[in-house]
Amino acid sequence: MKPSGPRSKGWPTSIASGAWRACSTQCAAARATIRENSGWTEFAFNVKTSTGTEPHRARVYYTELPGDNVLVVGRDIEDMRQFATIIRNTLITGTLIALVLGIGGGLLTSRNFLRRVDAITDASRSIMQGDLSGRMPVKGTSDELDRLAQSLNQMLDQIERLMRGMQEVSSNVAHDLRTPLTRIKARAESALRSGADGDFKAALEQT
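For the sequence shown, numbering that gives the first Met the number 0 assigns the number 0 to the initial residue and increments by one for each residue that follows.
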C-alpha cells in the first residue's frame, strides 16, 4: 500500500485479500486498534459476497515514517486461519483416533494375554493332579509365553520319560520276584497243611 499523508488527514482505506485484491474499506475504522499496536496487529472486518457478508480477519503492519507520515500494510489472513483450523481439527481428530485405537489395542492385548495365562494355569493344575500327558498350550507366536510353554513342555517330556522308565523297572522287578515268591508261598502252604512242625521248619529252610 502507499503511505498516507499526514496522520491528521486520513489513513489508507484498503487492505489486500489473499490475492492482493482490494477487499474492504474498513482499515480506517480500525485506526485506533492499529495505532495502539505499532508493528503487526490483527483486526476483524467484513467482506461482501454474493450472499451477503463474511467475517474476516486482517493482519496489518503499522509504522511511522519520516515527515509525520505513517505506513499501513495489511492482508486478509482468513484463508490461513481456516487452514490452521483444518490442521488443528485434523490433529485433534487424529489424536483421538490414535487414543481410541491405542486403548482398544491395549485392552485386546491384555485380554489375550490373560486368556493364555489362564490356559497355562489350567494345564498346570491338570498336570499336578497326575496327568503327566498334559502339556502347556503353544500358540505359535514365538513370544515370551510361547517360549516359556515350550521350555515347560520339554521339562514335562523329560519327567514323563523318567516316570515311564521307573514304571518299567518296577514292572521288571515285580516280574522277577513273582516266581520265587510263588514258590515260597506254595511250600509254606504245603507245610501248614501237613500239620507237622518238622515239615514246616524244613520247608522254611529250603526257601
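Cβ coordinates follow ideal geometry from the N, Cα and C atoms, glycine included. Quick caveat: nothing in here was measured; it's all calculated off a predicted structure.
Evaluate Val-168 with the Cβ neighbour count: other Cβ atoms within 10 Å of its Cβ, from every protein chain shown; 16 or more gives buried, anything less gives exposed.
So Val-168 ends up on the exposed side.
Are three or more beta carbon pairs between the region 76-84 and the region 44-56 nearer than 8 angstroms?
As far as the Cβ criterion goes, the region 76-84 touches the region 44-56, which means the pair count is three or higher.
Taking the DSSP output, what are the residues bridged to Val-137?
Looking at the DSSP assignment, Val-137 forms no beta bridge with any residue, so it has no partner.
Specify the secondary structure class of Asp-130 as computed by DSSP and reduced to three states.
In the structure shown, Asp-130 sits in coil (DSSP, three-state: anything other than H, G, I, E or B).
Could you pull the start and end residues of the beta strand (DSSP E) that Thr-50 belongs to?
No beta strand (DSSP E) holds Thr-50; DSSP gives it neither H nor E.
Per DSSP, which one or two residues make a beta bridge with Thr-40?
Looking at the DSSP assignment, Thr-40 forms a beta bridge with Val-59.
Could you compute how far the alpha carbon of Ile-96 sits from the alpha carbon of Glu-143?
So the two alpha carbons sit approximately 29 angstroms from each other.
In three-state DSSP terms, what is Met-145?
It is Asp, not Met, that sits at residue 145 in the sequence shown. Here Asp-145 sits in helix by DSSP.
If distances are taken between C-alpha atoms only, which option among Gln-153, Gly-103, Thr-108, Val-71 comes closest to Leu-131?
Comparing Cα positions, the closest option is Gln-153.
In or out: Val-172 buried (at least 16 other Cβ within 10 Å) or exposed?
Val-172 comes out exposed.
Any idea if Gly-51 is buried or exposed, counting beta-carbon neighbours within 10 angstroms, 16 or more meaning buried?
Exposed: under 16 other Cβ atoms inside 10 Å.
Ignore the nearest five residues each way along the sequence and tell me which others in Glu-63's own chain have a CB closer than 7 angstroms to its CB.
Answer for Glu-63: Val-69, listed in chain order.
Quick one: what's got a C-beta closer than 6 angstroms to Ile-91's C-beta in the same chain, skipping five residues either side?
Nothing listed; no residue qualifies.
Counting only the same chain and skipping the five closest in sequence on each side, list residues whose C-beta sits under 8 angstroms from that of Asp-145.
Once the five neighbours on either side are set aside, the close Cβ partners of Asp-145 are Val-137, Lys-138, Gly-139.
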